[in-house]
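Novice: Numbering (full-length UniProt numbering), first residue to last: 1 to 237. Once you've had a glance at the structure underneath, I'll fire off some questions.
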């Protein structure tokens, strides 16, 4: 009886060992599964094991660079060839016929064709407005004395710059008198009984201003000379 009580229980030990051996693969599988899940979670948020950088081959990079340069050079050459082929088409000479044919040139008469110019000077002309009682500018341009080739009478004509519109047109008659403008040595004032710059003869009080006193005096000399010549012609009629 004593021997039976002290005999070890081999059956229990064997059972425990077998259970431990059987449980080990299960635990390893669970651990591997947990590790895989962990890696997957890390990879979802950018984690996980770092990938080894792939070493680049310098020769391969040079080959790619050279290939790219070669392709670019080829494309450039093809573009130049295309440009040369299209050039003749762009330089084509195109001729267009006019839709409207111009008529013959018409000569514009200014009534100055039979006159010769005896004086010309740039100036600014003013007209006295009787209603407003003030001087108003008529225009800036060349004042001229024109002598008729047939009857030898001289008239004063002035046209505005650019538009060439007449702003003074009258004969230089003996009763006209040039008077110095108040406070100026380069301006003259006179009365014209029949100025036709507006079409119909009209009495005008005119004033003319030059760039300097020398030009003003030259105008006065030419004006008075024309007066004397016209006076002799008017008396002879």
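C-beta: ideal position from N, C-alpha, C; glycine also.
(1) By how many angstroms is the C-alpha of residue 237 removed from the C-alpha of residue 217?
(2) Buried or exposed: where does residue 154 fall if 16 or more other Cβ atoms within 10 Å of its Cβ makes it buried?
(3) Applying the 10 Å Cβ sphere with the 16-neighbour rule, what's the burial state of residue 195?
(4) In the DSSP assignment, what are the bridge partners of residue 128?
(5) Leaving aside the five residues before and after residue 160 along the sequence, list all residues of the same chain whose C-beta is less than 6 Å from its C-beta, in chain order.
(6) Exposed or buried, what is residue 114 when buried is set at 16 or more other beta-carbons lying within 10 Å of its beta-carbon?
(7) Counting C-beta neighbours from all protein chains within 10 Å, is the total for residue 234 16 or more, i.e. buried, or is it exposed?
(8) Pick out whichever of 224, 109, 122 and 117 has its Cα sitting closest to the Cα of residue 175.
(9) Quick check on the burial criterion: 16 or more other C-beta atoms within 10 angstroms. Buried or exposed for residue 152?
(10) Do residue 124 and residue 137 have their CB atoms nearer than 8 Å?
(11) Please state the DSSP three-state secondary structure of residue 119.
(12) Under the DSSP definition of a beta bridge, which residues are partnered with residue 204?
(13) So for residue 156, helix, strand or coil by DSSP?
(14) Is residue 114 helix, strand or coil by DSSP?
(15) Please classify residue 164 as buried or exposed, where buried requires at least 16 neighbouring CB atoms within 10 angstroms.
Specialist: Working from what's here:
(1) In the chain shown, residue 217 corresponds to position 217, counting from 1. In the chain shown, residue 237 corresponds to position 237, counting from 1. C-alpha separation (whole angstroms): 31 Å.
(2) Here the question's residue 154 lines up with position 154 in the chain shown. Counting Cβ neighbours within 10 Å, residue 154 comes out buried, since at least 16 surround it.
(3) The residue labelled residue 195 in the question sits at position 195 within the chain shown. So residue 195 counts as buried.
(4) Counted from its first residue, the chain shown places residue 128 at position 128. In DSSP, residue 128 forms a bridge with 135.
(5) Indexing the chain shown from 1 puts residue 160 at position 160. These residues qualify, in order along the chain: 139, 141 and 167.
(6) Translated into the one-based positions of the chain shown, residue 114 becomes position 114. Burial call: exposed.
(7) Working through the chain shown from its first residue, we reach residue 234 at position 234. Exposed, since its Cβ has fewer than 16 Cβ neighbours within 10 Å.
(8) Numbered from 1 along the chain shown, position 175 holds the residue referred to as residue 175. Among 224, 109, 122 and 117, the Cα nearest to that of residue 175 is on 224.
(9) As a working note, residue 152 is residue 152 in the chain shown. By the 10 Å Cβ count, residue 152 comes out exposed.
(10) The count along the chain shown starts at 1 and reaches residue 124 at position 124. The count along the chain shown starts at 1 and reaches residue 137 at position 137. Yes; because the gap between Cβ atoms is below 8 Å, this pair is in contact.
(11) Mapped onto the chain shown, residue 119 falls at position 119. If DSSP states are grouped into helix, strand and coil, residue 119 belongs with the strands.
(12) Numbered from 1 along the chain shown, position 204 holds the residue referred to as residue 204. Per DSSP, 192.
(13) As a working note, residue 156 is residue 156 in the chain shown. Three-state DSSP puts residue 156 in a strand.
(14) Here residue 114 is taken as the residue at index 114 of the chain shown, counted from 1. It is coil, neither helix nor strand.
(15) Stepping through the chain shown from its first residue, residue 164 is reached at position 164. Classification of residue 164: exposed, given that the 10 Å Cβ count is below 16.
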